[in-house]
Amino acid sequence: MASPQFPLDRRQLVTALGTAALCPLLPAIGVAQGRTAVALQTRTDRISLRPGGPETPVWTLGNGDLRFKRGEVLDVTFNNALPVPAALDFRGLDGVPAAEPLTSRAPVQAGAKDTFQLPLRHAGTFLCDAGLLGDGSASPARPRALIVDSTSPVAVDRDQALVIEEWRLRQDGIVTPAGTDPKDTTLIHTVNGQTSFDISAPSNARLRLRFINGSPRNVLAVKLENLEVRVMGIDGQPAEPFAARNGALVLAPGSRTDVFVDAVGPAGTSFPILLHDGKQARPVGKLTVSAEPPIRSAPFPPAPPLPANDLPAQIDLKNAQRVDLALGTSSDWVRPADFKPTAAPAFQAKTGRPVVLTMTNRAATTTVFHLHGHHFRLLDRLDDGWKPFWLDTLAIEPGQTQRIAFLAEYPGRYLLEATAADWAAPRLIRWYSVQ
1 MASPQFPLDR RQLVTALGTA ALCPLLPAIG VAQGRTAVAL QTRTDRISLR PGGPETPVWT
61 LGNGDLRFKR GEVLDVTFNN ALPVPAALDF RGLDGVPAAE PLTSRAPVQA GAKDTFQLPL
121 RHAGTFLCDA GLLGDGSASP ARPRALIVDS TSPVAVDRDQ ALVIEEWRLR QDGIVTPAGT
181 DPKDTTLIHT VNGQTSFDIS APSNARLRLR FINGSPRNVL AVKLENLEVR VMGIDGQPAE
241 PFAARNGALV LAPGSRTDVF VDAVGPAGTS FPILLHDGKQ ARPVGKLTVS AEPPIRSAPF
301 PPAPPLPAND LPAQIDLKNA QRVDLALGTS SDWVRPADFK PTAAPAFQAK TGRPVVLTMT
361 NRAATTTVFH LHGHHFRLLD RLDDGWKPFW LDTLAIEPGQ TQRIAFLAEY PGRYLLEATA
421 ADWAAPRLIR WYSVQ
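Those letters in the sequence shown? Residues 1 to 435, by full-length UniProt numbering.
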């Protein structure tokens with residue numbers, strides 16, 4: 001169902017990714033300490049995507065959010081109960097080279113297991129994903145939200161992750177996985193596994209909604225109609241709060257945006273949640289004011305920034321290592337299944353040195369770039385500064401050149417991803433090292 005108040009197209013979705021206005025982050029705070037044993041298992045499951053139709057087979061990492069505290073160290077045991085190898089990826093967690101898929105940890109074979117440690121340096125919204133090797137597989141692998149709470153309290157009445165997934169469903173109830181031609185399929189979106197995800201809250205309640213684009217390929221926009229939406233964080237890092245324009249958020253595949261909203265109005269007031277895929281908008285849920293007594297006499301005042309993580313306040317671009325990185329044409333980019341750790345790296349950086357990547361998309365389709373291991377700044381066109389926010393994912397239009405900068409803080413070997421925003425396109429990767 002189209003919405004005349006949500007008139008975006010695919011090009012506007014991509015363009016909007018670079019137009020947010022955030023302020024620099026604050027100094028680091030203390031973190032919690034502790035060890036936690038975590039058991040993760042990939043297995044087969046089923047999901048209902050079409051009322052009255054057959055259930056769809058999928059591969060899953062389990063249900064519900066993974067939730068921990070900043071400063072914890074996770075002792076992870078990963079069991080692969082799938083009939084094919086699997087590689088586990090923790091999207092957005094910086095500086096964990098020992099857990100990096102393919103460069104440090106080989107794919108886990110069918111019926112086998114792996115163990116490793118995962119330190120949680122930053123609070124924020126991240127993603128646990130077993131779909132790195134999933135192109136053209138028998139079933140899609142569903143991601144799982146990974147929430148790392150700050151050690152400082154955050155004043156909200158409800159904290160809800162919303163994982164948006166995209167499905168290309170055939171008539172027989174089988175999903176066409178990314179990396180294959182989606183012809184003769186129906187496009188379906190779900191939020192937390194439901195085709196319509198509804199939230200209810202008392203009047204004047206404040207909600208923290210963590211939107212996650214779980215689509216493996218497409219840039220999506222989400223809009224909460226007739227509601228003030230305050231952006232609080234992007235890609236797992238805090239932001240100086242700002243109002244989302246027209247209540248709309250634009251998310252590249254795998255990216256995350258945290259917002260605060262207040263449930264205002266009398267009981268029964270409803271705020272539709274719309275999803276735009278670049279072609280049309282459709283409802284995927286709603287926020288409704290419940291019949292319970294108001295939780296307080298008036299909404300909270302505007303929220304202060306979220307507790308800060310410890311990313312660098314400044315990056316010295318004058319002394320930066322500069323690397324040109326072509327997207328979309330180079331034979332150096334390979335499918336994850338063809339990756340060899342002995343391949344030459346795209347670049348090598350010394351620990352503590354700034355790095356500037358100049359990326360030109362030579363493909364005919366928007367390309368989504370994802371940097372493992374570090375967050376980056378999006379540089380201004382004239383090289384006289386950067387956009388005041390941190391990212392780990394960036395959508396780059398055809399023919400466009402973008403430059404990003406990051407501080408090579410964490411020694412190790414990390415992946416680079418460059419994937420066309422096209423369902424049939426392959427996921428492509430390279431790697432870089434920090435020494």
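Cβ atoms here follow ideal geometry from the backbone N, Cα and C, with glycine treated the same way.
These numbers were taken from a predicted model, which means no experiment stands behind them.
Contact between E409 and G95 is confirmed by a C-beta separation of about 6 Å, below the 8 Å threshold. Rounded to the nearest angstrom, the Cβ distance from V259 to V284 is 15 Å, too far for a contact under 8 Å. Shortest Cα-Cα distance from R430 to any of R67, A418 and D422 involves A418. When C-beta atoms of the segment 313 to 322 are compared with those of the segment 209 to 224, fewer than three pairs fall below 8 Å, so the two segments do not count as touching.
Distance from L327 to H372 at the Cβ level is roughly 16 Å; contact not present, criterion being Cβ atoms closer than 8 Å. Sorting A98, A363 and P305 by C-alpha distance to the C-alpha of S152 places P305 at the top.
E100 is classed as buried because its beta carbon has at least 16 other beta carbons within 10 Å across all chains shown. Beta-bridge pairing by DSSP links K318 to no other residue. Under the three-state reduction of DSSP, A99 is assigned to helix. Ranked by Cα distance from L357, the first of D338, P388 and A320 is A320.
The distance from the Cβ of P57 to that of W423 is about 19 Å, inconsistent with a contact at the 8 Å cut-off. Out of P345, M359, Q280 and L88, the CA that lies nearest to the CA of D129 is found in L88. Residue pairing by DSSP places Y414 opposite Y432 in a beta bridge. Distance from the CA of T77 to the CA of A112, rounded to the nearest whole angstrom, comes to 11 Å. Selection A106, E55, W59 and A39 evaluated against T342 yields A106 as nearest (Cα-Cα).
Residue state for D338 is assigned as helix, using DSSP reduced to three classes. E55 sits exposed, since fewer than 16 C-beta atoms from the chains shown fall within 10 Å of its C-beta.
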